[in-house]
Structure formats: C-alpha cells, structure tokens
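Asker: Sequential numbering from 343 applies to the sequence shown in my numbering.
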Amino acid sequence: MKIDPYLHSVLVLQGAGKEVTADAIAHVLKAAGVDADHARAKILADAVKGVNFDDLLKQAAAAPVAAAPAAAAPAGKADKKEEKDEKKSEEEAAAGLASLFG
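#1: Under 9 Å, do residue 347 and residue 371 count as touching if we go by C-beta distance?
#2: Going by CA-CA distance only, name the one from 401, 386 and 411 that's closest to residue 351.
#3: Could you tell me the distance, in whole angstroms, from the CA atom of residue 379 to the CA atom of residue 369?
#4: For residue 364 versus residue 383, is the C-beta distance shorter than 9 Å?
#5: Could you tell me the alpha carbon to alpha carbon distance between residue 381 and residue 403, rounded to whole angstroms?
#6: For residue 367, I'd like the list of residues in its chain whose CB is within less than 8 Å of its CB, leaving aside the five on either flank, ordered along the chain.
#7: Residue 392 to residue 411, Cα distance in whole Å?
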C-alpha cells in the first residue's frame, strides 16, 4: 500500500513541532526528492489547519482491530441440493423449448 507523500510531509512537520503550511509541505517534499505541486500542498495545509494530530493518532491506535472473516462452511447438503435444483431447472427449460417445436 502506497501512502501519499503529501500526508507524510504533514506528519513529519507535525512531529517536528513545525507549522504545517504549503511552503513547509513543499520543502519537505523537495527534500525527499518529490516534485511538489504547490496548489495541492496549499489545499492540504488548509484542510489540516486546526487538526489535533496527537488526539487523532491516539484514537487510531486505540481503535479495535477488525475481526477476521468467518471461515466458509464446508460443502455439504446445500451444495448438492443446489445442483439438483439446477438440473431440474435445465430439464424444465428443455421441456418448455421442445413444446415450441411440436
């Protein structure tokens, strides 16, 4: 999974105790070798203005982990019944078509 370098730059700035601005985001990206889009950096800086990242990260760390999906039931009578129903439906359809041709 690739995480957006713009978001990484915001976290770096926040972790360093620096103000998150478009220029600061662009400088972090440039230092990482990324060609920064200043308009995108400005939009992101405006979007995260006033966000308390410490609380946000604590909430993410405290969030419960999703449970693993339940294992599929073993193949049994239900599968056999479906096969019989399919055969029956095919036979009925064939009989219906045969009546069209006399």
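Note that beta-carbon positions come from the ideal geometry of N, C-alpha and C, so glycine has one too. Just so it is clear, the structure is predicted and the values come from calculations on it, not from any experiment.
Answerer: The structure says:
#1: yes
#2: 386
#3: 11 Å
#4: yes
#5: 31 Å
#6: 348, 351, 352, 355, 378, 383, 386 and 387
#7: 37 Å
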